[in-house]
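**Student:** Sharing a structure here in structure tokens format.
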Amino acid sequence: MYTLTPAMLTGIAQLDAEHHDLVAAINQLRAAEADGTASDCGKQLRRFRDLLATHFESEEIYLRLLNYPWAGHHADHHGSILTMLDQLQEALLGGERQPGGIAEECYSELLGTVLTMDLRFLNWHQELQSRSR
């Protein structure tokens, strides 16, 4: 079972709640991989992708509201993550399996990369707040 560890929390309630939902979706994907059919896996992967796309939209709005100078780059990165998920979906439909599983790929590679980008924003935001005191 995958978890959102304390080190992965941003301290921004809405974003952290969405991150928890994403991890829950990855766990459902993992269960589908273990017990379900390729169709079940595909359904759960689409659900994860849809949740992630919605999360990205709300996060991008938040970054723009704060005038984050790299918001465009951050959004581009989101686009590349969604493209990778689309490629995983196509591979799954083609009968291809990921080493370690799709859920592992989503958690370790995709979500880990996403949270690393979020940390860059959080560091910028913390520095901005420190300067304004």
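Taken in order, the sequence shown gives residues 113 to 245; the numbers are from the working numbering. Note that CB positions come from ideal geometry on N, CA and C, so glycine has one too.
Which residues in the same chain have their Cβ closer than 6 Å to the Cβ of residue 172, if we skip the five residues on either side of it in sequence?
**Tutor:** Excluding residues within five positions, the ones whose Cβ falls inside 6 Å are 187.
**Student:** With H, G and I counted as helix, E and B as strand and the rest as coil, what does DSSP make of residue 181?
**Tutor:** The answer is coil: DSSP assigns residue 181 none of H, G, I, E or B.
**Student:** Who are the near neighbours of residue 190 in its chain, counting only those whose CB is closer than 6 Å to its CB and skipping five residues on each side?
**Tutor:** Answer for residue 190: 168, listed in chain order.
**Student:** Let me make sure I understand the geometry here. Which of 137, 143, 180 and 142 has the alpha-carbon closest to that of residue 163?
**Tutor:** Ranking 137, 143, 180 and 142 by Cα distance to residue 163 puts 137 first.
**Student:** Starting from residue 140, follow the alpha helix (DSSP H) in both directions and report where the run begins and ends.
**Tutor:** It spans 125 to 147 - the alpha helix (DSSP H) in which residue 140 sits, taken as one unbroken run.
**Student:** Assign residue 121 to one of three DSSP states: helix, strand, or coil.
**Tutor:** Note: residue 121 maps to coil in three-state DSSP.
**Student:** Helix, strand or coil for residue 170, going by three-state DSSP, please let me know.
**Tutor:** Helix.
**Student:** For residue 274 and residue 234, which I take to be in contact (beta-carbon distance under 8 Å), what is that distance rounded to the nearest angstrom?
**Tutor:** Outside the displayed span of the chain (113 to 245) sits residue 274, for which this structure offers no information.
**Student:** Using C-beta distances below 7 Å, list every residue in its chain close to residue 196, excluding the 5 sequence neighbours before and after it, in chain order.
**Tutor:** These residues qualify, in order along the chain: 222.
**Student:** Skipping 5 residues on each side, what residues in its chain have a beta carbon closer than 7 Å to that of residue 218?
**Tutor:** Around residue 218: 138, 141 and 160.
**Student:** Verify whether the separation of the beta carbon atoms of residue 165 and residue 156 is less than 9 Å.
**Tutor:** Against a cut-off of 9 Å, the Cβ pair of residue 156 and residue 165 comes out as no contact.
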